[in-house]
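Trainee:
Residue numbers (the numbering used here): 677 to 846.
What follows is the structure, encoded as structure tokens:
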């Protein structure tokens, strides 16, 4: 299963693009998993609830099963390498054809940068020390990598799938 990261500055449209890609790819019959990466500390569980009490007691993994949604809370070891954490989380997505991650510019998996000139920040792809494979923008941009039109979600999905096939074939 391939993993692709949608990266970009704040308000460049990452979340909207991820949602658009999920709709496009699931409309083609694919099973798509998503991961939201953040560098902020968040309490995802509700303090005082049973699942939170289990975790506070020392459980490494806490699961919640409801009639409509299941969730896993995986406690991170401070020494855990981030790529190992992706592997662990993606094991729960084993039935997916593709995983799209929103964020994480430091990831080793292929990245697509969403960029909007109006926000006034230079594109990250200008840096040589990154893993950005394409830029998604409707603004003029001079780049050494493919530039995909933000308004053409089917073409972006096609590009991602062709990249996934190339990796699978190698």
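A virtual CB, placed ideally from N, CA and C, is assigned to each residue, including glycine.
Note that the coordinates shown come from a computational prediction; the quantities given were computed from them, not determined experimentally.
Looking only at its chain, what residues have a beta carbon closer than 7 angstroms to the beta carbon of residue 730, apart from the 5 residues adjacent to it on each side?
Mentor: Indexing the chain shown from 1 puts residue 730 at position 54. So the qualifying residues of the chain are 738.
Trainee: Look up residue 709 in the DSSP assignment and give the residues it is bridged to.
Mentor: Here the question's residue 709 lines up with position 33 in the chain shown. Answer is 775, bridged to residue 709.
Trainee: Looking at residue 708 and residue 701, is the spacing between their C-beta atoms short of 7 angstroms?
Mentor: Against the chain shown, residue 701 aligns to sequence position 25. Against the chain shown, residue 708 aligns to sequence position 32. With contacts defined by Cβ atoms closer than 7 angstroms, residue 701 and residue 708 form a contacting pair.
Trainee: Taking the alpha-carbon of residue 713 as reference, which of 820, 697 and 759 has the nearest alpha-carbon?
Mentor: Your numbering for residue 713 matches position 37 in the chain shown. When only C-alpha atoms are compared, the closest one is 759.
Trainee: With 16 as the cutoff for other CB atoms within 10 Å, does residue 842 come out buried or exposed?
Mentor: The residue given as residue 842 occupies position 166 in the chain shown. By the neighbour-count rule (16 or more Cβ atoms within 10 Å), residue 842 is not buried but exposed.
Trainee: Under three-state DSSP, which class holds residue 787?
Mentor: Counting from one through the chain shown, the residue named residue 787 turns up at place 111. Three-state result, residue 787: strand.
Trainee: Taking the alpha carbon of residue 808 as the point to measure from, which residue in 770, 833, 823 and 816 has its own alpha carbon closest?
Mentor: Here residue 808 refers to the residue found at position 132 when the chain shown is read from its first residue. Out of 770, 833, 823 and 816, 823 has the C-alpha closest to the C-alpha of residue 808.
Trainee: Only counting runs of 4 or more residues, tell me where the alpha helix (DSSP H) segments fall wholly within the stretch 730 to 774, in order along the chain.
Mentor: 758 to 767
Trainee: I'd like to check one pair, residue 801 with residue 832: are the Cβ atoms closer than 7 angstroms?
Mentor: Within the chain shown, residue 832 is the residue found at index 156, counting from 1. Within the chain shown, residue 801 is the residue found at index 125, counting from 1. In this structure, residue 801 does not lie closer than 7 angstroms to residue 832 by Cβ.
Trainee: Are the CB atoms of residue 768 and residue 748 within a distance shorter than 7 angstroms?
Mentor: The residue labelled residue 748 in the question sits at position 72 within the chain shown. The residue labelled residue 768 in the question sits at position 92 within the chain shown. In contact: residue 748 and residue 768 (Cβ atoms closer than 7 angstroms).
Trainee: Under a three-way DSSP split, which group does residue 802 fall into?
Mentor: Taking the chain shown and counting its residues from 1, the one referred to as residue 802 is at position 126. Note: residue 802 maps to helix in three-state DSSP.
Trainee: Taking residue 777 and residue 681 to be in contact with their CB atoms under 8 angstroms, please state how far apart those CB atoms are, rounded to whole angstroms.
Mentor: In the chain shown, residue 777 corresponds to position 101, counting from 1. In the chain shown, residue 681 corresponds to position 5, counting from 1. Yes, residue 777 and residue 681 are in contact; Cβ-Cβ is about 5 angstroms, under 8 angstroms.
Trainee: Return the first residue and the last residue of the alpha helix (DSSP H) that residue 840 is part of.
Mentor: Stepping through the chain shown from its first residue, residue 840 is reached at position 164. From DSSP, the alpha helix (DSSP H) with residue 840 extends over 829 to 845.
Trainee: Do residue 684 and residue 775 count as a contact pair if the criterion is CB distance below 7 angstroms?
Mentor: Taking the chain shown and counting its residues from 1, one reaches residue 775 at position 99. Taking the chain shown and counting its residues from 1, one reaches residue 684 at position 8. Going by C-beta atoms, residue 775 is not nearer than 7 angstroms to residue 684.
Trainee: Would a C-beta distance cut-off of 7 angstroms place residue 788 and residue 810 closer than the cut-off?
Mentor: What you label residue 788 is simply residue 112 of the chain shown in a count that begins at 1. What you label residue 810 is simply residue 134 of the chain shown in a count that begins at 1. Yes.
Trainee: Identify, in the order they occur along the chain, each residue of the same chain with its Cβ nearer than 8 angstroms to the Cβ of residue 736, setting aside the five sequence neighbours on each side.
Mentor: The residue given as residue 736 occupies position 60 in the chain shown. So the list reads 750 and 751, once near-sequence residues are dropped.
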